[in-house]
Structures are given as structure tokens and as C-alpha cells.
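Everything below concerns the one structure shown next.
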Amino acid sequence: MNAENNMTDIAGQLNENLSETVVFRLLSSFGRRIYFPRGIVFQSVEAGRLAYRYNATAGVAMQDGQPMYLSEMYNAFDTEVYEPRDIFSYAPTGGDAQARSLWHQRLLKNNPALHGIPASVPMVTAALTHALSLAARLFVDEGDAVVVPSLRWDNYDLIFGTGHGAVLHSFPLFSPAGEFNVPAMMEAIHGVEASKVILILNFPNNPTGYTPPDSMIEDIARTLSAVAAEGKDLLVICDDAYHGLFYEDGIGTNSLFAHLADAHPNLLAIKCDGPTKEDLLWGFRLGFITCACKGLPRPAYEALEQKLLGAIRCSVSSSQRPGQSILIEALTNGTKIDQERDAAREEMRCRYQAARDALAKHVDDNILTPFPFNSGYFFAFKCNVGKVDAETLRRRLLESYGAGTVSLAIDVLRVAYCSVPREGIPLLVDMIYQAAHEISAMGE
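Numbers given in my numbering equal positions in the sequence shown, counted from 1, plus 814.
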């Protein structure tokens, strides 16, 4: 049997193990073709276990049992803590096993509802954006429907729409009462004629900084489970980039993913997260992807994991090693990490409160209306476009006040208060309202 047929057989066996599940029905054409080959990486791992004399598999220059390195680069790290292999060797395709295990433990700690529910072991990705891209590549074909809130991270459009040809169906994030708009979400889902629907939800939401209360998160999960019970094949992608940054009681007890992981056999939940915000590791570009589906048998989980490995192998091959080693060291031996993480979150909570207090002083000013917010890094304004639009306001703030903000639509301006010193937030809010009124006056 030639190599091509052998590889086709691998993909076929994976598909066979998934064939009776919602995972197979959701897979894109790429998702059905992809597999993790029994090639260099696979054989290198096998040799790492069994080759006791010479290991001539991976293309890594070795000396005395360690990767070769340049001393000035190695000396940038604490050489008493990290061996050369911790910094310079390739990481496994799915990530360091210890990093994956530690992240799984954190998921259970931060999501009590996940205890006892089967799920895949988190895989390491090259940041959360890569996790989203993997989900898109495995499950999105051109023309597939992706349901998203109208207020969303603009990269969804690039990843799922431009990158994979999905048709994005938007629904208003907020109801007239200022709550998460469950009826509008359901209308968008039921408006998709195909049996396959992909939904992306992001709490805390970027750009608004809103998380529904725990009771509503549970209601969202029940509603989506009911949709699956009606016969829809649902993929729900939970973008948990800002999970843990909650500033009010009654929110964030569990990720939505925790309530969907065992919701219905027709619903596959994918959690995309990472240490970027949770552990202040923005430039490390590390993320994780975790999958769960009620009743999914272990061979199906293993097949899905093999397809994820294949998708990683043919994109970035593996994520960077130094960041994983640093994360492992901090989570296993760090003596101050919890204390310092809590201190950083407390500072964000204080900035959040400073923003709320500053906005309260403008509560009767209808030129700008802040969207509801209670978590995350941001708040956002809905602009009264009869008086001011977001892009004109952004330019005015930048050019006349030296203040940077982001315009996301004609009527949406995002403010990242996470980046502003606590004492500067009241002044920034006043500047924004003042600039808006200046623009309005010029148009009168």
C-alpha cells in the first residue's frame, strides 16, 4: 500500500469513528479530509520513548542530550530553572502535556459545573485567535451560516467570513431592557434554513464589556439545548478571552461552555481561551482549545483530537516552547502568582468602578449612551448619529485631545479602560463627552 492510500485510510478511520455523531455532520470538507499523519512528528514521539541509543528523527541539532543553543539567548532566561530543552526544543503538536493538564485543572477550578463531564483535554494553540481559526477550518465551509451578535470582535468577520466564506447572521446583542437578547439570538438561529448552525458567543463581550448574569447564562444554555433537540446541528464557540474579569456579584460563576458541555448530543461546544488576559501574557501568544459534546464516545473524542492535531500540524506545526515552559513553571512552582493575579484583577475592578462613576455624571446626556457593562476590559458608547458619529468622534479625540479610542461602526465607540490609569479615567470620559458636543455644535 502506498503512502497516499495509507494516509487516506487514516482520515477514513477517523471519520468512521465520528460518523454517528454531530461532530461529523458539522465538519467542513477540510475537517473531513484532515488527519494527523504517521510522519516525522509521530515517529519522533515514538522514538523519544523507545530509541535508547540514537534518535535520528527530528531535525533538532543535539549535543549531550540537549538542543544546541547560543549562550546569549539562553542566558536571557533563568538557567537554574530552565534547561535548554525547556526553551529551544520543539513543543509537541498539541502542546506540552503538563501545560495541557494544568490548564484542564484550571478549567475545572474556574467552572464548577464542568466537574464529572467528559471533554477533550485542552490543546495548546498559537494564541486564542489560532484556536478560533482552527474551529473555523475544521467546521466552516463556504456559505455556512455563522450567527454572531451585532456587537462583536471584528476579527470574527475576518476569520469566519473573509477567511472561510461563512455568511454571518447578526442579531442585536441587547434587548430593549438592556439584557442579553435571547429572543433575537433564537430568531437568527431559526432563520437559518440549513440544519447546521454555528454560533459564536463571547463573554465578557468585546467591545461592550458585558456578561449576562449566571441565571441568564443557564437560560441561554437551556434554549440552545432545546434548539438541538428540535434537530438542528449546533456548534457553539465560546470565546472566553476575558473570562475571570468579572466585577459584579452573580456573574461568571461558570463559562457558558460549562453549561453546554453536556447539553445535548446535537450540540458541540468549543471553548477558546488562554493565559493572555488571565495571566497577563499578551505577547506570549498562547491559547487553548477544548471540545465537549453530550454522549460523545471516547473513540470519537480521540478522532476529533487527531483532526485538531492535523489542523495544527498543517498551520503552525506546534506552538512556541518557551511560553509553555514559563507558564508551567509559574503554575507549578510560583509562590506569588495567585496573589499577583488577584492584585491585577482588583486594579481592573477599580478602573471599572472609576469608569462607572465617571459615566454616572453624564447619565442625562443623550449624545452618547454607554452600553451595559460589568466585566472585561472595555465599555462602549452608542453614538447619537444625528449629532455625532463614532469615526468623527475618534478622530476628534485623537487629534484635539491626544486620546485614542476605537470606532467599530458608525454608532459604536469602544474605550479600553484597562489601558488607562485609574486617575485618568474620569478625565478621559469627560473628554469624550466634550468632544462629542463640539462635533455636534459644528454641525448645527
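The C-beta atom is built at its ideal place from N, Cα and C for all residues, glycine as well.
Fair warning: this is a prediction, and the values are worked out from it, not measured in the lab.
Which residue or residues does DSSP assign as beta-bridge partners of L1227? As a first step, residue 1227 is located in the sequence shown; it is residue number 413 there, counting from the start. Paired residues: F1195 and S1221.
On the three-state DSSP scale, how would you describe T757? The requested residue 757 is not part of the displayed model; the chain covers only 815 to 1258.
L916 and I1103 - do their beta-carbons sit closer together than 8 Å? Residue numbering aside, residue 1103 sits at position 289 when the sequence shown is read from its first letter. Residue numbering aside, residue 916 sits at position 102 when the sequence shown is read from its first letter. Not a contact, by the Cβ cut-off of 8 Å.
Runs of beta strand (DSSP E) lying entirely within the region 895-948, each at least 3 residues, in chain order: 937-939
Runs of beta strand (DSSP E) lying entirely within the region 964-1043, each at least 3 residues, in chain order: 981-985 and 1010-1016
Which residues in the same chain as A1114 place their Cβ atom closer than 7 Å to its Cβ, once the five residues preceding and following it in sequence are excluded? Position 300 of the sequence shown, counted from the start, is the residue given in the question as residue 1114. Result list for A1114: N831, L832, T835 and V837, in chain order.
Can the beta-carbon of V1041 be found closer than 8 Å to that of I1014? The count along the sequence shown starts at 1 and reaches residue 1041 at position 227. The count along the sequence shown starts at 1 and reaches residue 1014 at position 200. No, the Cβ-Cβ distance between V1041 and I1014 is not below 8 Å.
So, are the CB atoms of I1246 and L1182 less than 8 Å apart? Position 432 of the sequence shown, counted from the start, is the residue given in the question as residue 1246. Position 368 of the sequence shown, counted from the start, is the residue given in the question as residue 1182. Going by C-beta atoms, I1246 is nearer than 8 Å to L1182.
Does the Cβ-Cβ distance between N1188 and Y1061 come in under 8 Å? Numbered from 1 along the sequence shown, position 374 holds the residue referred to as residue 1188. Numbered from 1 along the sequence shown, position 247 holds the residue referred to as residue 1061. Cβ atoms of N1188 and Y1061: closer than 8 Å.
Nearest neighbour of T1022, chosen from R852, L1074 and K1196 [CA to CA]: Taking the first residue of the sequence shown as position 1, residue 1022 is located at position 208. Nearest of R852, L1074 and K1196 to T1022, Cα basis: K1196.
If we count the other Cβ atoms within 10 Å of its Cβ and call it buried at 16 or more, is A1055 buried or exposed? Against the sequence shown, residue 1055 aligns to sequence position 241. A1055 comes out buried.
To which residues of the same chain is M937 closer than 8 Å at the C-beta, ignoring the five residues directly before and after it? Against the sequence shown, residue 937 aligns to sequence position 123. Excluding positions up to five away in sequence, the list reads G908, G909, R914, F1102, I1103, T1104, E1119, L1122, L1123 and I1126.
Looking only at its own chain, which residues have a Cβ that is under 8 Å from the Cβ of A1194, when we skip the five neighbours before and after it? Taking the sequence shown and counting its residues from 1, one reaches residue 1194 at position 380. These residues qualify, in order along the chain: L965, P1021, T1022, G1023, P1184, F1185, F1187, L1222, V1226, L1227, R1228 and V1229.
Runs of beta strand (DSSP E) lying entirely within the region 1097-1154, each at least 3 residues, in chain order: 1101-1107
By the three-class DSSP mapping on this structure, what secondary structure does K1201 have? Position 387 of the sequence shown, counting from 1, holds the residue named residue 1201. Coil at K1201, not helix or strand.
Determine the direct distance from the alpha carbon of A1083 to that of D1260, and round the result to whole angstroms. Any question about residue 1260 goes unanswered here, given that the chain covers just 815 to 1258.
One question on the structure: do L1211 and A1204 come within less than 8 Å of each other, judged by their Cβ atoms? Here the question's residue 1211 lines up with position 397 in the sequence shown. Here the question's residue 1204 lines up with position 390 in the sequence shown. No.
Please look up how many angstroms separate the CB atoms of S1039 and H1057, rounded, as I've assumed it's under 8 Å. As a first step, residue 1039 is located in the sequence shown; it is residue number 225 there, counting from the start. As a first step, residue 1057 is located in the sequence shown; it is residue number 243 there, counting from the start. The Cβ separation is near 21 Å, so there is no contact.
Reduced DSSP secondary structure (H/G/I, E/B, other) of M815: In the sequence shown, residue 815 corresponds to position 1, counting from 1. Below a pLDDT of 50, predicted positions are generally treated as unreliable, and M815, at 42, falls in that range; no measurement from the model is reported.
What's the C-alpha gap between Y839 and R846? Residue 839 sits at position 25 when you count from the first residue of the sequence shown. Residue 846 sits at position 32 when you count from the first residue of the sequence shown. Looking at the sequence itself, residue 839 is Arg, so the reference to Tyr does not match. Cα to Cα, the separation comes out at about 10 Å.
Tell me which residue opens and which closes the alpha helix (DSSP H) that V874 is part of. Here residue 874 refers to the residue found at position 60 of the sequence shown. From DSSP, V874 is part of no alpha helix (DSSP H); its letter is neither H nor E.
Report buried or exposed for V981, applying the criterion of at least 16 other Cβ atoms within 10 angstroms of its Cβ. What you label residue 981 is simply residue 167 of the sequence shown in a count that begins at 1. When all chains shown are included, V981 counts as exposed.
Throw me the rounded Cβ distance for the S1132 and A905 pair, which I believe falls under 8 Å. Taking the first residue of the sequence shown as 1, we reach residue 1132 at position 318. Taking the first residue of the sequence shown as 1, we reach residue 905 at position 91. Indeed, because the Cβ distance is near 5 Å, the residues count as touching under 8 Å.
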